[in-house]
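Data first, discussion second: the structure below is written as C-alpha cells.
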Amino acid sequence: MRVRHHTNPFQCLQKYGPIDWEQVFGEPTTSLDLEIGVGRGVFIRNYAKRYPDRKIVGIEVRKILAETLDTLIQSPEYQNIRMYYGNGVTFLQDSIQMPILDRVFVFHPDPWPKASHHKRRVIQPAFLESVSEKMNPGGRLYFSTDNAGLWNDTDEILRNSKYFEAVVGDPFWEEDYTSHWHQFSVRDGRNVRFSAWQKINLTEDK
Ligand SMILES: C[S@@+](CC[C@H](N)C(=O)[O-])C[C@H]1O[C@@H](n2cnc3c(N)ncnc32)[C@H](O)[C@@H]1O
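Residue 578 in my numbering is what sits at position 197 of the sequence shown, and the numbering runs on without skipping anything.
Next comes the structure, spelled out in C-alpha cells:
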C-alpha cells in the first residue's frame, strides 16, 4: 500500500534567484527539460541515461528525497542531471530564464483532494502561464495521474488554457515514460491517465 507524504510546498523556505544554466552545465545551454516532483527519481534517471545529450533539471520539495537523489546522480551516467530542493512552482518563476524549457514533466503530483488545499497543486492557471513564458517554441508539458479527481480538475484547467493545446499520439508515453508511482499504480490495478500539451505560439489567439 502506498503512503502519501504530502509536504505543503508553500512551507518550503528554500529560494533560488535566477540561475545561470550555462554556468551550471559548463557549456552553452539553450534547452532544458524540467521534472517537478521527482520523488525517488526513477523517471529522471532513466530519461537521463536514454538522452545523454539533453540537459535535465529536477526539483523536489521533500528535502530527504532531493538530497538522496542528488547523491545517487553523482556518477558519469547522470552527468546531464542537476537536482534542486524546493518548490517547483516558485523555482520555475524565480530561477528559469526565458525561454529555455523544451519539456516539463509533472508525474503523479500530490492530489491535495480537499478543495481548500487545491492551491497547493502544481498545475494551475498561473503555473501554465509561467511554463509557457519559459518554454521554447514547440515546448511540451507532460502530465500523468491515477487520481480521478485530480485528473478531471487538471484536464479542465489545461483545456481552458490559452497557453497550451493537447497533443495526440505523442510517442513519449510509449517510449520514454516510467515513474515510481506509475509502477505502484500498475501493480494496484489503478487507471493511469496521461496527457501531453504543446505550447501555443503566443501570437495566436484562442
Ligand atoms: C506522488 S509523488 C510522485 C513522484 C514521481 N513523480 C513519480 O511519479 O514517481 C509526488 C512528488 O512530488 C513532490 N512535490 C509535490 N509538490 C511539489 C512542488 N510544488 N515542488 C516540487 N516537488 C513537489 C512530492 O514531495 C513527491 O515527492
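Quick reminder that beta carbons are idealized off the backbone N, C-alpha and C, glycines included. All figures in this text were calculated on a predicted structure; none of them were measured in a lab.
Spatially closest choice to residue i from the options, by CA coordinates
i              : options                           : result
asparagine 517 : Tyr544, Arg501 and Ile538         : Tyr544
glutamine 395  : Asn461, Ser476, Ser576 and Val549 : Ser476
valine 453     : Gly420, Leu473, Leu482 and Asp401 : Just to set this straight, residue 453 is leucine in the shown sequence, not valine. Minimum Cα distance to leucine 453 is reached at Gly420.
serine 560     : Ala496, Pro506, Ile504 and Phe486 : Phe486
proline 390    : Asn468, Leu415 and Thr411         : Asn468
alanine 529    : Glu546, Pro490 and Gly519         : Pro490
Backbone CA spacing between residue i and residue j [nearest angstrom]
i              : j                 : result
threonine 471  : tyrosine 523      : 19 Å
leucine 473    : valine 573        : 26 Å
threonine 526  : alanine 577       : 12 Å
glutamate 416  : lysine 515        : 14 Å
serine 511     : isoleucine 538    : 14 Å
histidine 387  : proline 480       : 31 Å
proline 409    : tyrosine 466      : 24 Å
isoleucine 400 : glutamine 564     : 33 Å
lysine 587     : lysine 580        : Bear in mind that a pLDDT of 47 at lysine 587, under 50, signals an unreliable position, so the number given afterwards is only what the model happens to contain. If you take the alpha carbons of lysine 587 and lysine 580, they lie about 12 Å apart.
lysine 495     : glycine 407       : 43 Å
leucine 531    : isoleucine 437    : 26 Å
glutamate 556  : asparagine 461    : 19 Å
serine 412     : phenylalanine 488 : 20 Å
Any non-hydrogen atom of ligand 1 closer than 7 Å to residue i Cβ
i                 : result
valine 442        : yes
glycine 530       : no
serine 560        : yes
phenylalanine 524 : no
isoleucine 417    : yes
asparagine 468    : yes
leucine 446       : yes
threonine 388     : yes
valine 423        : yes
phenylalanine 508 : no
histidine 499     : no
phenylalanine 488 : yes
aspartate 534     : no
Three-state secondary structure assigned by DSSP to residue i
i              : result
tryptophan 578 : strand
valine 573     : coil
histidine 387  : coil
lysine 587     : Note that lysine 587 scores 47 on pLDDT, short of 50, meaning its location in the model is unreliable and no value can be drawn from it.
serine 412     : coil
aspartate 536  : helix
arginine 435   : coil
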